[in-house]
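Q: The structure follows.
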Amino acid sequence: MLQLNVKNETSRLRAVVLGSAVHNGPTPSLDEAYDPKSLEHIKAGTYPIEKDMVAEMDAFNAVFQKYDVTVYRPELIENYNQIFARDIGFVIDDIFIKSNILPDRERELDAIQYVIDQIDPLKVVRPPEEVHIEGGDVMLWNDHVFIGTYKGSDYKDYITARTNMHGVNFLKELFPNKIVKEFDLVKSKLEARDNALHLDCCFQPVGKDKGIIYKRGFREEADYLYLVNLFGKENLFHIEREEMYNMFSNVFSIDKDVVVSEKNFTRLNNWLRSNGFTVEEIPYAEIAKQEGLLRCSTLPLIRD
């Protein structure tokens with residue numbers, strides 16, 4: 001049996017699901033795009049190709065092997081995008097929560113059923129139908145659970161709005177001893193530079209007391225200030241609009257002092273090193289064209 005344990009974003013990683021870009025399928029049509037960044041690259045003819053994305057994920061997997069992390073990969077579905085494992089489920093403490101995802105992505109959960117079968121069934125939860133929630137919107141920080149949502153009355157009109165207030169309230173009920181704090185995120189169907197698809201597109205903790213943040217990703221300044229007050233402004237690396245677009249906040253921590261980052265994130269990587277982090281740089285710019293990066297590709301199962 002897998003003894004799940006995830007309480008934050010940065011403790012030493014022991015086991016993880018890493019998505020797959022193998023048999024990724026053809027470039028989607030314009031009306032199949034789930035997000036504005038993919039749409040942009042489909043229109044421009046620059047949508048990533050399979051062999052480049054496979055190479056990037058192999059580089060990520062090599063870092064996990066270096067740190068002796070147990071890696072599970074999804075069973076392959078022909079002609080199907082299985083890169084973003086974070087969307088389909090997430091672990092809080094020792095509970096595996098299946099996401100209520102976009103309906104045509106349900107097969108991605110089936111592809112990791114062999115992993116779920118190794119978990120105590122009493123520790124596997126599927127929220128009710130009205131609860132929308134995806135792992136990219138759920139961020140753990142010890143006694144806190146941060147959740148990205150969208151509170152606009154036009155929620156249903158946004159395919160980029162993935163977690164609703166039913167999702168927030170569901171986690172509040174499931175974890176009554178946690179401080180569950182929601183953040184109202186800026187959404188756009190057409191401009192990727194103004195679309196915080198998930199919370200990890202505009203915020204992520206690193207280390208013991210630091211974080212990466214994009215102020216304009218939050219619809220309410222009070223939500224941004226909540227994090228500033230919690231972490232301290234001096235501990236936050238503020239990213240710019242173009243850096244948010246390039247997914248600077250979507251790095252991934254293997255340990256309190258080890259961060260996997262995209263090799264082109266020079267300003268961020270220098271800041272991390274200046275704060276004592278080991279930065280494992282890998283190429284991930286092709287996968288970034290689908291509005292997801294390193295955190296999006298992972299589903300942590302066990303941390304110390």
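Mapping the sequence shown onto UniProt numbering, position 289 (from 1) lands on 289, and the numbers just tick up by one. Glycine included, each C-beta is placed from N, C-alpha and C at the ideal position.
Output the boundary residues of the beta strand (DSSP E) element that contains K181.
A: Run containing K181: 179 to 184, per the beta strand (DSSP E) assignment.
Q: Contact between the stretch 126 to 135 and the stretch 87 to 94: three or more CB pairs below 8 Å?
A: yes
Q: Is it buried or exposed for A111, if we count other Cβ within 10 angstroms and need 16 for buried?
A: Buried is the label assigned to A111, since at least 16 other Cβ atoms lie within 10 Å of its Cβ.
Q: G89 bridges to which residues according to DSSP?
A: K98
Q: Find the nearest neighbour of V138 within the set K7, K289, W271, judged by alpha-carbon distance.
A: The residue from K7, K289, W271 with its alpha-carbon nearest to that of V138 is K7.
Q: Would you decide whether D200 is buried or exposed? Buried here means 16 or more other CB atoms lie within 10 Å of its CB.
A: buried
Q: In whole angstroms, what separates the C-alpha of F60 from that of D304?
A: 20 Å
Q: Out of L4, L140, R12, E221, which has the shortest C-alpha to C-alpha gap to K256?
A: R12
Q: Distance, Cα to Cα, L4 vs E75?
A: So the alpha carbons of these two residues sit roughly 21 Å apart.
Q: Do V251 and R295 have their C-beta atoms closer together than 9 Å?
A: The Cβ atoms of V251 and R295 lie closer than 9 Å to each other.
Q: Give the list of continuous alpha helix (DSSP H) stretches no shorter than 4 residues that lie fully inside the stretch 39 to 74.
A: 50 to 66
Q: Expressed to the nearest angstrom, what Euclidean distance is found between the alpha-carbon atoms of S38 and M244?
A: 15 Å
Q: Per the DSSP calculation, N8 is bridged to which residue(s)?
A: W141
Q: How would you call I49, buried or exposed, if buried means at least 16 neighbouring beta carbons within 10 angstroms?
A: exposed
Q: Alpha carbon to alpha carbon, how far is K210 from D223?
A: 17 Å
Q: In whole angstroms, give me the CA-to-CA distance for V260 and K66.
A: 12 Å
Q: Out of Q82, V115, I97, which one is the CA nearest neighbour of R105?
A: Q82
Q: Candidates K43, R86, A15, N24: which alpha carbon is nearest D31's?
A: K43
Q: Pick out whichever of E9, A21, M1 has its Cα sitting closest to the Cα of residue 305.
A: Within the shown structure, residues of the chain are numbered from 1 to 304, placing residue 305 beyond reach of any answer.
Q: Measuring straight from C-alpha to C-alpha, what distance separates G292 and F84?
A: G292 and F84: Cα-Cα distance of roughly 7 Å.
Q: Based on the DSSP output, what are the partners of A15 in its beta bridges?
A: T70, I302
Q: What are the boundary residues of the alpha helix (DSSP H) that includes T266?
A: For T266, the enclosing alpha helix (DSSP H) covers residues 266 to 274.
Q: Taking Cβ to Cβ, would you say K98 is nearer than 9 Å to R73?
A: no
Q: For R241, which residues of its own chain have a beta-carbon under 7 Å away from its beta-carbon, when the five flanking residues on both sides are left out?
A: R193, R216
Q: Using 8 Å for Cβ pairs, my map puts N79 next to G25. What's the rounded Cβ distance?
A: 4 Å
Q: Specify, as a first and last residue, the run of the beta strand (DSSP E) that G211 falls within.
A: 210 to 213
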